[in-house]
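Residue numbers (full-length UniProt numbering): 1 to 794.
As structure tokens, this is what we get:
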């Protein structure tokens, strides 16, 4: 490497090499295809080493041979890729899906054909699918790459796992050989711009490139890497231009600028893999229409590369570069050691995050315009100008109708002017007719003793690993296989536990009809009456059911004797110990708490019928329920609407369509401490609980309204409190209304179904209170978030 060349940055050298190789390719291809007016030979850049110039010229010569040797497959590659997207193939680890694709899109060559010369594959529409460039890297540059890779050996990832441990196949021990004198076993990813896993930015540089070893690696390999950028500029100019835009935009944004200036290629990442076997797989993080490079070198003879969807196997001798869509084509390499593989690629998530349009396929027709050659157009002109049927301009228009213009040919009119400047006459084509130059693929033939070495990677190699399928249909098939077992376990959970003891005190409870199961506790344990009260003293809103000797029925913690204690961290106030109530004292200030509405009828609600359906309502309009609790039911809608103005509105509006009638509040009888029953609306449903306010010296002067707020309960009224909403319930409604746009009526319907799914209409209605309290709650939270000053004289 000359001194002047070493002073050029890696990014500048990559661009200069690509520009020189493109001009040289245009000239060489024009001469090869007998172009009447070929471009001039490009001037050799000053200051380049002789090795770099020779490699550029030999590489271009190989590319010209490959391009004039195009083999067409019989099916449309774009339709094939669309079917692959719909099938959600994943990384290729699902043999069943891959077999279905191979059956639907059979390989072009069967049996598999061997390729051992420069070759291009295209579909009937001219889309170029793959380039095969055997031994294109000279031995001197192979030694340079080997020396550069040896610098990275201390950084190789050797954390291989056993086949039975699962995980990614890329670091599975069965695909790696032992260390040898040529190179040690391992792999490493090197990138100048890389997004962390699960993130969309900002871009990061791999830690290796921030150390001296990374700088030495890029410095040694800069020339062969720059030539590989030139190969991409020739073989897929759209992807090359996209990569240049990505690199420029990242540098303009200040992301990884220093690393990108040293980076001597347009690919964003390199994977260095040594002593490796690759089972059939796909590379998911690339574009469907992009190329990635597989570069192989080392002291081996052959390392067959299989392109399963094409039915092609490449000899892949040392120094070979294979270009193909790693996401679109299922590919694999049989184990050959010692061998070093460089995988050059670019990540699609970077392109998407930068907002750059993804590169599309390059076609043969576009290629003709890209290199300044329109062979089909010349041929038509030579035939029809002699016959005088149509003018030259007409054929130029027809030929350009369906052609995408690339590079300097930015518009149809500009291309038309360039073509018209070429002197095309019939005499120039006499005896010099343009012909199709592609050569048929060679017959499959093997050298002596080579058949045994040619082993194809099989699906069962990857199948030995636990398959991690991201396809939901596969997971549904797994569900069908174990559906009966799941149903049996769910059914067994509804029965009492096999151990006929309480889960807390271990006392026998099966003979005791008062056994309880909490559905909100993890594992749904079974308790006796005493244990469920102790364990749920601070969990009063859990959903429980009670065993009646035959099955568990939905119930409430208040029926287990649980009371809601205000103050003292949920424990009973010491003032209640040893007392049996105080005559004439109502802790909530409800003088009519014991009164029952005279315009209602109290009934005993029957159980569910044997068929599991509720019995028909009685002729007098009384609604049945599944519990033995006595509920007052109004007989007429007029009485339902006739509510005293001083009474709290516990009813939903029956005039609103679709809103059913609700039962009225239950009996507000007192317990031994003269404490009534209140209705608490929580995120888990509507609960009825006895309340014990704090009556000791600490809380006697604190109003009941304040005591409830301190415990996270929002009373529906500051004077006559019969209904409270928990803070959690109000927060849950806020989130549900914001994210799902659920109305208050729908939200309360959900709470009633959670409370009594068999008879939701028997749950007391608090829809209007929810509307009002929700507005108050939003106002309070908005003031709190705005740090509103609190007035002291409230």
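Idealized CB from N, CA, C, for every residue including glycine. This one's a predicted model, so the numbers in the text were calculated from it and none came from an experiment.
With contacts defined by Cβ atoms closer than 9 angstroms, residue 296 and residue 333 form a contacting pair.
Between residue 145 and residue 62, the C-beta spacing is not below 9 angstroms. The beta carbon of residue 148 sits closer than 6 angstroms to the beta carbons of 217, 220, 221 from its chain, once the five residues preceding and following it are set aside; these are given in chain order. By the Cβ neighbour-count rule, residue 790 is exposed, with fewer than 16 other Cβ atoms within 10 Å of its own. For residue 541, the three-state secondary structure derived from DSSP is coil.
The beta carbon of residue 99 sits closer than 7 angstroms to no other beta carbon from its chain once the five residues preceding and following it are set aside. Counting only runs of 3+ residues, the beta strand (DSSP E) found wholly inside the segment 123–156 occupies 128–133, in chain order.
In summary, residue 306 is buried, with 16 or more beta-carbon neighbours lying within 10 Å of its beta-carbon over all protein chains present. For residue 313, the pairing in a beta bridge is given by DSSP as 114, 306. Note on the segment 706–786: whole beta strand (DSSP E) runs with a minimum of 3 residues are 713–715, 723–726, in chain order. Within a 10 Å sphere around the beta-carbon of residue 690 sit 16 or more other beta-carbons, which makes this residue buried. Measuring C-alpha to C-alpha distances from residue 41 to each of 28, 53, 772, 346 identifies 28 as the nearest. Within the same chain, and ignoring the five residues on either side of residue 253 in sequence, no residue has its Cβ closer than 6 angstroms to its Cβ.
DSSP places residue 237 in the helix class (H, G or I) of the three-state scheme. According to the DSSP assignment, residue 688 belongs to the beta strand (DSSP E) that extends over 685–692. The Cβ atoms of residue 679 and residue 692 lie no closer than 9 angstroms to each other. Every beta strand (DSSP E) stretch that sits fully inside the segment 242–296 and reaches 3 residues is listed by chain position as 269–274, 278–281. Rounded to the nearest angstrom, the gap between the Cα atoms of residue 345 and residue 130 is 15 angstroms. For residue 517, the enclosing beta strand (DSSP E) covers residues 515–518. Residue 32 sits away from residue 230, with the two beta carbons spaced by 9 angstroms or more.
When rounded, the separation of the alpha-carbon atoms in residue 191 and residue 536 is 56 angstroms. Residue ranges of uninterrupted beta strand (DSSP E) with 3 or more members, entirely inside the segment 36–104 and ordered along the chain, are 70–72. Contact check for residue 313 against residue 120 fails: the beta carbons are separated by 9 angstroms or more. Just so you know, the alpha carbons of residue 575 and residue 487 end up roughly 51 angstroms apart. For residue 18, the enclosing alpha helix (DSSP H) covers residues 10–32. Residue 175 carries a helical assignment under DSSP once its states are collapsed to helix, strand and coil. Between the segment 234–254 and the segment 15–25, the count of Cβ pairs shorter than 8 angstroms is three or higher; the stretches touch. Between residue 227 and residue 141, the CB-CB gap stays under 9 angstroms.
Per DSSP, the beta bridge partners of residue 191 are 269. Of the candidates 543, 696, 138, 309, the residue whose Cα lies closest to the Cα of residue 123 is 309.
Look at the beta carbons and you see the segment 756–775 touching the segment 707–724: at least three pairs across the two are nearer than 8 angstroms.
Residues of the same chain with a CB within less than 8 angstroms of the CB of residue 747, apart from the 5 flanking positions on each side, are 733, 736, 737, 770 in chain order.
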